[in-house]
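For the record, the sequence lines run as chains A, B and C.
Per this note's numbering, the first sequence runs over residues 1 to 285.
Per this note's numbering, the second sequence runs over residues 1001 to 1161.
Per this note's numbering, the third sequence runs over residues 2001 to 2822.
Note that beta-carbon positions come from the ideal geometry of N, C-alpha and C, so glycine has one too.
This report concerns only the one structure given below.
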Amino acid sequence: MIPASFDYVRPATAAEAVQALAQAGEDAKVLAGGQSLLPILRLRLAYPSTLVDLGRIDELTGVSDDGDAIVIGAMTTHDAVLHDPLVAEHAPLLAQATRTVADRQVRHLGTFGGSLAHADPAGDLPAVALALDAELRVLGESGQRSVPAREFFLDYLTTALGPAEILTSIRIPKLGAGWFCHYEKFNRVAQAWSIVGVAAVVRRSDGRIDEARIGLTNMGSTPLRARAVEQALAGAEVSVAAVTEACARAAEATTPPSDLSARADYREHLAAVLSRRAVLAAAGI
Amino acid sequence: MTRVSITVDGVQYIDEVEPRLLLVQYLRERLGKVGTVIGCDTSNCGACTVALNGRSVKSCSVLAVQADGGDVLTVEGLAGPDGSLHPIQQAFHDKHALQCGFCTPGMIMATWDLLRENGNPSEDEVREGIEGNLCRCTGYQNIVAAVQAAGQAMSGQEASA
Amino acid sequence: MTAVEDRAEDRAEIGRARRRKEDRHLLTGATTWTDNLTLPGMLHLAILRSPMAHARIRSIDVAPARHRPGVVAAFSGRDFADSQGTIPCAWPVTPDMVNPGHPSLAVEQVNHVGEAVAVVAARDKASAQDALEAIEVEYEPLPVVLDMPTALAEGSDKVHPHTESNRSFVWTFESGAAGTGEPISDALASAEVTVRRRFIQQRLIPSFMEPRSTVVQPTGDGFTMWSATQIPHILRTMLALTLDVPEHKVRVVAPDVGGGFGGKLQVTPEEVITALVARRLGKPAKYTETRSESLLSAHHGRDQIQDITVTARRDGTVTGLDVHLLADMGAYLRLVSPGVPILGAFMFNAIYKFPAYRFVCEGVFTNKTPTDAYRGAGRPEATFAVERIMDELAHELGTDPLELRRKNWIRHEEFPFTTVAGLTYDSGNYEAATERALELIGWDELKREQAERRERHDPVQLGLGISTFTEMCGLAPSRVLGSLDYAAGGWENAGIRVLATGKVEVVTGASAHGQGHETAWSQIVADQLGVPFEDVEVIHGDTQSSPKGLDTYGSRSLTVGGIAVVKAAEKVVAKARRIAAHLLEASEDDLDFAGGKFTVRGVPGGGKTIQEVAFAAFTAHDLPDGIEPSLDADATFDPENFSFPHGTHLCAIEVDTETGFAKIRKYICVDDIGQVINPLIVEGQVHGGLAQGIAQALYEEAVYDSDGNLTTGTFVDYLVPSASDLPSFVTDRTTSPSTTNPLGVKGVGEAGTIASTPAVVNAVVDALRPFGVDDVQMPCTPERIWRAIAQGAEKSDRAAEGTVAYGGASTSTADGSDGDQL
């Protein structure tokens, strides 16, 4: 099927993009990689008046070293993230999760920022951003602001981005020595969205887990942190028994959907199993 | 209407297009390049795969305006000027990697992209590498064999070149 | 072996793994898919589809669409009410079958989501689609009927108000009454062991890769249609009848067709609509569906509730099989909808010597997309049920499933064997195929591993599944089809023309869409006529150039169409022999024909090649009296029997009992399809068939919500497996040549699909036996497996209830609110 008609703007700078969005009004949509947006337009599930294409804004792409963090341009493609040495060194969890996103073709066009701004709770990267305590940099008419990942995802497909704001980059604190991570994804076929996914980041020393951050994919209308697990893991012994016990609490405070892929109770069960697997894999057990 | 300049299979085209025109429609309906086909509307099947600026993309999920200034390679641009089959095409033929042939253009272009990055993929790497392309006829087994054979043929060519 | 024999063997084309002639244009993008076609002045159609599963159309106004840019015309069903006829159903399975009629464009009422209600013709596709949004339709909702038992209940709401009930037909076979075996009542009454199960054949969507497309060009008082169809010949006849156009004024062309799997064995509303609009406007018109339209409106397959009862003696000898089916027709009867489950009637007894058998099938209307043929059509359903129930019987008896099968199957020395369903299986060797399969998979080693995993309560359990299947294919002997009330025959036609230069044209009525007929037919003809493989051109898929045929479905092409080619070749050789005898001044009886050359027996040297004979027949300067010029012949072949391929499929599957995820570790099949023309093509058919059968077991399901919306309406939700989701298969063959055709061949197109589904599900259930599980409903999703494990442990009695909540309305609630879903 063919999308309904829309106007098209291709700004050259981020500032121009913001301006274009402000001018086009609230029915405008940002076009990043388009890998979620174009199928939606083709099925005529959305009728934007204008698409503001960020595809030619150089300042929005690339990965840079920012001291204690790396900064990833919002328009950096999944493929570029996957192949980036800074990501590999300082945010391997992101590389691992990105490898599971869709397929090669989609990863060539789809962008890190686009998948965060789309805020599909079944998407893999929002939970990763949460687990990595990422900070999202947003540009609007009144200038630049920063939003911590935990405050960015408001509801299903809804973020803290205002109508004339764009996500410009994502700042991810470097994982120092002693940190380990793993992304555990569960889906029915290779192409399918995650039924549940778990992004685990743990710091361990001397046989104990000092700190853990667990991001959950598709366990609510937004990506979530499994706080109960994190608390239970803090100071816990690095053992199968201790991790299993802590991860049994993965579904606490979650509100997983019941849909075609799974019902809520099954998702709750999966969250515990996958959290355990993710933490054990991260902790190297 | 928006003016675009797109090179397809080595020929540059300049056209006025509606922004909503998909790249695959541009190829099929404006350029008559009907070798690239449309199999779905959710970017799952991969039948429309082409290379855009050297990377595989699903041309049903790219607007023609996004490809402005770009270089597109389709299945129609692979064979040699003398009509000789590209090693990937030859391998698909030799290994009986196609039946109805509808997924074949996309499969071949996905293979082209996979082998660009990994010239000698394992079976698992091939299966993962073409996971964005659906085939309903072959059960994939002969496609996997063809991709591996093509990889070997192409690296052999490079080595001897 | 002498040198001469060596050469003769080298020359044999049959049995060679020839690379396909069909490939080149498909590999280079030089294709002729229907959607590639553009005619001067061609209009593009877009179809407005019902968002309601069941509603009266209170009003419909297409006028606003006519005023949209680019639009030439817009029509609703009312504009064609008198001319559109009804989509034909060619298989009235019982004399009292209720066929409510099937308008291509709904007029008064819509009966499933996706039903066509209006059509727009515009100068380009985008304008046509845009204009759909301007059409105003007012629907008056009617109660939605989705679930078969509810649909059949007394006082149920009806899909079609003018019918008495939602029951279309009841079709019955009983071996006592038919005289093919003992009465089923005796078997049921005297059973030492009885096992009953309810199995659910979920609804599937054929999902051919090429969406359907149709182009119609009006030609004076007729029209030419290009369509993505498996059946150009049947379509032509049916269009003529439906649209009241003389058959000789209708030409149908099936150009490159991108897969069918039964899904393009249809006379579709979209084809009729395109013809109606093109003729009304006097302009060529094209309609190409989107994938989401295809999933919604192209016919679906399977969708049965199977109540199966098997009886046996304590020693494991089976004594009876009682089958009661509910078959969901969906909202309408399409071309062979009612016949699909009936094709299974002869196959539930499978390879086993049941002395008594009953089959009862009720066809049921619901507010869903019509069902019709999908790869295997009736036989996968039957094979699944019998192969599953044999495992359940073995479990009940505490015996090995393989031993139970061995005890009851037809032994190779018992062929030909007439079954309790009345069919005569010509040949087979179940023992040989099974032994080979067990050896290939390393059965005993896997058994040991399974025991170890069970012993140590490994979270990953290993399941081993068996399917020893047979099927009936090569549809079909015309007299059998007649006895089953099918409206056409089952013959096939072929023509062979040896041209002046000795090149050969083969005209076939079998219309291929991926099967490789061009290559296989060339191999057959090359051997028959002794001409080079390359010198043969196969012509098909156009009612003008290949005027006679019954097309491609039911694994019939080789066993019927291929034999027609042989028969035509025999006639050509016979004619050539007379001409050669004349030219060589010898008696026909003294001529040998080998390697494409006629020689006079006992006379060294000389002779006439078939090419020389063809040239003589062309010039006609010196032909024997009474011989017509030109070397060609036609033949129409009507098979005397079905063909009965069989095989043994074994599946080893790992089930992660924590998540429920099942992953096939090894899949082995040994198929016996008789003689093989091209092993490469055969293997490809098996691979693809396996993929589809495995997909039914593990992945695919068409799901409707309680309002009758198809919630698996795109490839995001309808899970066609990718390369990553399937294993590498090990395939092998045994050979029991068919005795009912001169090539000894059997069909192979559907075998993999028919055999594999129960092998996989048996493996899943086998993995879960220690948990008290004895069924998992298809597709065996991780969630269903997880729930089966959770519930299995609590159950002492494993009756069917609760494990098999019906795959219609009750499993379909998209919000998952139905607690019985498994």
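>> At the level of alpha carbons, what is the spacing between C/D2717 and A/L125?
In response: Roughly 21 Å separates the two Cα atoms.
> Given that B/R1030 touches chain C, what residues does it touch there, using C-beta distances under 7 Å?
Replying inline: What B/R1030 touches in chain C: nothing, since even the nearest Cβ is about 11 Å away.
> Can you name the residues that DSSP bridges to C/Q2201?
Replying inline: Its beta-bridge partners are C/Q2304.
>> Check whether the segment 2336-2346 of chain C and the segment 2208-2228 of chain C are in contact - that is, three or more C-beta pairs closer than 8 Å.
In response: Counting Cβ pairs under 8 Å, fewer than three are found: no touch.
> Would you say B/D1082 reaches chain C, if we count a Cβ-Cβ gap shorter than 7 Å as a contact?
Replying inline: False, the Cβ-Cβ gap to chain C never drops below 7 Å.
>> Can you pull the chain C neighbours of B/C1137, defined as C-beta to C-beta under 8 Å?
In response: At a C-beta separation below 8 Å, B/C1137 has these neighbours in chain C: M2209, G2259, G2514, G2684, G2688.
>> Between the segment 66-78 of chain A and the segment 106-121 of chain A, can you find at least three pairs of beta-carbon atoms closer than 8 Å?
In response: In short, these stretches touch, since the Cβ pair count reaches three.
> Excluding sequence positions up to five away, which residues of its chain have a Cβ less than 7 Å from the Cβ of B/G1046?
Replying inline: The beta carbon of B/G1046 lies closer than 7 Å to those of K1058, G1106, A1110, G1132, N1133, L1134 in the same chain, with the five residues before and after it left out.
>> For B/N1120, would you say it is in contact with chain A, using Cβ-to-Cβ distances shorter than 7 Å as the test?
In response: Closer than 7 Å: no.
>> Quick check on DSSP: helix, strand or coil for C/Q2217?
In response: In the three-state reduction of the DSSP assignment, C/Q2217 falls in the strand class.
> At a CB-CB cut-off below 7 Å, which residues of chain A make contact with B/E967?
Replying inline: Any answer about residue 967 of chain B is impossible in this case: the structure gives chain B only from 1001 up to 1161.
> Once you ignore the five residues that flank B/C1137 on each side, which residues in its own chain have a CB closer than 6 Å to its CB?
Replying inline: Around B/C1137: Q1099, C1100.
>> 7 Å is my cut-off, CB to CB: does A/L86 come that close to chain B?
In response: Under the Cβ distance rule, A/L86 does not count among the residues neighbouring chain B, no pair being separated by less than 7 Å.
> Can you tell which of A/A283, A/E268, A/A262, A/A271 has its C-alpha closest to the C-alpha of C/L2780?
Replying inline: According to the sequence displayed, residue 2780 of chain C carries Cys and not Leu. Among A/A283, A/E268, A/A262, A/A271, the Cα nearest to that of C/C2780 belongs to A/A262.
> Under the three-state reduction of DSSP, which class applies to C/M2148: helix, strand or coil?
Replying inline: Secondary structure at C/M2148: helix, using DSSP grouped into helix, strand and coil.
>> Can you look up B/A1145 in the DSSP assignment and give me helix, strand or coil?
In response: Note: B/A1145 maps to helix in three-state DSSP.
>> Taking its Cβ as the centre, do 16 or more other Cβ atoms sit within 10 Å of B/N1120, making it buried, or is it exposed?
In response: Exposed, by the Cβ-count rule.
> Which residue from C/G2530, C/S2478, C/S2555, C/Q2523 puts its Cα closest to that of C/G2502?
Replying inline: For the options C/G2530, C/S2478, C/S2555, C/Q2523, the alpha carbon positioned closest to that of C/G2502 is the one of C/G2530.
> Of all the CB atoms in chain B, is at least one closer than 7 Å to the CB of A/R42?
Replying inline: Answer yes: the Cβ-Cβ gap between A/R42 and chain B drops below 7 Å somewhere.
> Taking a cut of 7 Å between CB atoms, which residues from the segment 2718-2752 of chain C lie near chain A?
Replying inline: Within the segment 2718-2752 of chain C, L2719, P2721, S2722, S2724, D2725 place their CB atoms closer than 7 Å to a CB of chain A, listed in sequence order.
> For B/A1047, which residues in chain D fall below 8 Å Cβ to Cβ?
Replying inline: Within the model displayed, chain D is absent; protein chains A, B and C are what it includes.
>> Would C/G2376 and C/E2750 be called neighbours here (beta carbons separated by less than 7 Å)?
In response: Pairing C/G2376 with C/E2750 gives a Cβ-Cβ distance under 7 Å.
>> Comparing C-alpha positions only, which one of C/G2258, C/T2237, C/I2305 sits nearest to C/V2272?
In response: It is C/T2237.
>> At 3 residues or longer, what runs of the beta strand (DSSP E) sit wholly inside the segment 19-69 of chain A?
In response: For the segment 19-69 of chain A, whole beta strand (DSSP E) runs of length 3 or above, ordered along the chain, are 28-31, 50-53, 63-65.
>> If the cut-off is 9 Å on Cβ atoms, which residues from the segment 2127-2138 of chain C count as contacting chain A, listed in chain order?
In response: Interface annotation for the segment 2127-2138 of chain C against chain A: Q2129, D2130, E2133, criterion Cβ-Cβ distance under 9 Å.
>> Beta-carbon within less than 6 Å of C/E2009's beta-carbon, same chain only, minus the 5 sequence neighbours each way: which residues are those?
In response: Residue confidence for C/E2009 is low, a pLDDT of 48 falling below 50, so the modelled location carries little weight; the figure read from the coordinates is stated next. Non-local C-beta neighbours of C/E2009 in its own chain, meaning closer than 6 Å and more than five positions away in sequence, are absent.
> Who pairs with A/V298 in a beta bridge, going by DSSP?
Replying inline: This structure leaves residue 298 of chain A out entirely; chain A is present only between 1 and 285.
> Exposed or buried, C/S2076, counting other C-beta atoms within 10 Å across all chains shown (16 or more means buried)?
Replying inline: Buried, by the Cβ-count rule.
> Exposed or buried, which one is A/D206 when buried takes at least 16 other CB atoms within 10 Å?
Replying inline: Around the beta carbon of A/D206, a 10 Å sphere encloses fewer than 16 other beta carbons of the protein chains shown; the residue is thus reported as exposed.
> What are the start and end residues of the alpha helix (DSSP H) that includes C/E2271?
Replying inline: Segment 2269-2281, the alpha helix (DSSP H) holding C/E2271.
> From A/L153 to A/A200, what does the alpha carbon distance come to, in whole angstroms?
Replying inline: Checking the displayed sequence, the identity of residue 153 of chain A turns out to be Phe instead of Leu. One C-alpha to the other measures close to 19 Å.
>> Just to confirm my understanding: we take C/H2025, look at its own chain, exclude 5 residues before and 5 after, and list those with CB closer than 7 Å. What are they?
In response: Its chain contains T2031 as the residues whose beta carbon lies nearer than 7 Å to that of C/H2025, once the 5 sequence neighbours on both sides are disregarded; these appear in chain order.
>> For B/Q1152, would you say it is in contact with chain C, using Cβ-to-Cβ distances shorter than 7 Å as the test?
In response: No, no contact with chain C.
>> Buried or exposed for C/K2663, going by 16 or more other Cβ atoms inside 10 Å?
In response: Using a 10 angstroms sphere on the CB of C/K2663, the tally of other CB atoms stays under 16, which defines it as exposed.
>> Within a Cβ cutoff of 7 Å, which residues of the same chain sit near A/A28, ignoring the five residues on either side of it in sequence?
In response: So the qualifying residues of the chain are L21, P48, S49, T50, V52.
> Can you list, in chain order, the residues of the segment 2035-2048 of chain C whose Cβ is nearer than 8 Å to any Cβ on chain B?
Replying inline: With the criterion set as a beta carbon lying under 8 Å from some beta carbon of chain B, the members of the segment 2035-2048 of chain C are D2035, N2036, in sequence order.
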